[in-house]
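One point on numbering: in the working numbering, the residue at position 236 of the sequence shown is 399, and numbering is uninterrupted.
Yeah, the Cβ is synthetic: ideal placement off N, Cα and C, and Gly gets one too.
Here the structure is a predicted model, which is why all the values come from computation and not from measurement.
As structure tokens, the structure follows; a few thoughts come after it.
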Amino acid sequence: MLLLAVMWGLSIPITKLGLLTLPPLTLTALRFAIAVPLLMLLILGRRRLPWRALPRVAALGILGIGVGQIAQTFGVAGTSASVGTIISATIPVFVVVFAALRLKQSISGRQKLGLLAAFIGIAVVASGNGGGASSELQTSVAGAGFMLLSSLAIAFYYVWGVELTNEYGTVVVAAWSTLFGFAALMPWAGWEMGHVSFQITAEAVAAAAYLGLIVTVAGMFMWLNILRTVPAGIAASIQYLQPVIGIAASAAMFGDSLGGLFAVGVSLILGGLALTVTSPGKASQAI
164 MLLLAVMWGL
174 SIPITKLGLL
184 TLPPLTLTAL
194 RFAIAVPLLM
204 LLILGRRRLP
214 WRALPRVAAL
224 GILGIGVGQI
234 AQTFGVAGTS
244 ASVGTIISAT
254 IPVFVVVFAA
264 LRLKQSISGR
274 QKLGLLAAFI
284 GIAVVASGNG
294 GGASSELQTS
304 VAGAGFMLLS
314 SLAIAFYYVW
324 GVELTNEYGT
334 VVVAAWSTLF
344 GFAALMPWAG
354 WEMGHVSFQI
364 TAEAVAAAAY
374 LGLIVTVAGM
384 FMWLNILRTV
394 PAGIAASIQY
404 LQPVIGIAAS
414 AAMFGDSLGG
424 LFAVGVSLIL
434 GGLALTVTSP
444 GKASQAI
């Protein structure tokens, strides 16, 4: 669990590293060009996905990659690594909201308080003053907006994918949805490559390889194994460790200045996450 928290916690800072020389769509395409072949190899010999499921799985992939991952990459490009990391930590909060809506269940008062705290925290860290002078120069409202859109899309991807994964298997749905999302991404990435100057460096390739191999493929299988062997309530502790690791890595890699308001925003978001995810309401147990 600690290793997975480190692997996933480093994803935003390493994305920032790749964006130093590669534009957003190109980096995302390279990431999934590495991940997709491995995912497809892993489903060899497993049950086939029926034709009737393809439209839903394709839409799931377009949502998860075409909206969620692309928005995240643009968001990281428009925010400091620290701000991007903490906004991405709100994904579990939105999972609770979408799960409650999907199952027609009410959100408890404790969860509502957690949602309010998380949104106030987002406003603080996205204001530009929440991360000190360094973040003020690196973070834009558009960048924070892209990160928020990414969190919403990825959370809905998780909730929407529950029905499909229960029916056809997690690995099969993950592999095929990633393939469809990658296919939808490629025309846009091709356009970007033809219109935006970029430089393929060893750092950029290493960042894409990390995101594809470690975050997407290895991380998914580690997470599935954790869920099979560890109680869900304990496994959820990963959600608290990721932003802490990501913020520490951002400060070390990019010199992000973590000011007082940033600390307030982080506290509100993590506190809201704790209230929302650990609430005894049924919605928090939907996934």
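| request: Would you kindly check if the distance between the Cβ of I175 and the Cβ of V429 is under 9 Å? | output: no
| said: Using only the alpha-carbon positions, how far apart do I177 and A196 sit? | reply: 17 Å
| message | Using a Cβ-Cβ cutoff of less than 8 Å, which residues in the same chain neighbour M416 once the five nearest sequence positions on both sides are dropped? | response | P176, K179, L180 and A244
| Looking only at C-alpha atoms, which of G241, E330 and G435 sits nearest to S313? | G241
| Helix, strand or coil for I270 per DSSP? | coil
| request: Confirm, please, whether the CB-CB distance from G422 to G284 is below 9 Å. | output: no
| request: Can you grab the Cα-Cα spacing for the pair P186 / I233, in whole Å? | output: 11 Å
| query | For G423, which of helix, strand or coil comes out of DSSP? | reply | helix
| query | With 16 other CB atoms within 10 Å as the buried threshold, where does G208 fall? | reply | exposed
| In angstroms, rounded to a whole number, what distance separates the CA positions of I377 and M170? | 7 Å
| task | Give every residue of the same chain whose Cβ lies closer than 7 Å to the Cβ of I450, excluding the five residues on either side of it in the sequence, and list them in chain order. | result | Note that I450 scores a pLDDT of 45, beneath 50, so its modelled location is shaky and nothing firm can be said.
| In three-state terms, what does DSSP make of A252? | coil
| message | Given this structure, state the Cα-to-Cα distance separating L223 from G344, to the nearest angstrom. | response | 8 Å
| query | Around the C-beta of V304, are 16 or more other C-beta atoms found within 10 angstroms, so that it is buried, or is it exposed? | reply | exposed
| message | Please state whether the Cβ-Cβ distance between G247 and M310 is less than 9 Å. | response | yes
| message | Within a Cβ cutoff of 6 Å, which residues of the same chain sit near L374, ignoring the five residues on either side of it in sequence? | response | R194
| request: Determine the extent of the alpha helix (DSSP H) in which G306 is found, giving its start and end residues. | output: V304 to Y331
| The alpha helix (DSSP H) enclosing S174, as first and last residue numbers | S174 to G181
| request: Along the alpha helix (DSSP H) that carries G409, what are the first and last residues, could you check? | output: I401 to F417
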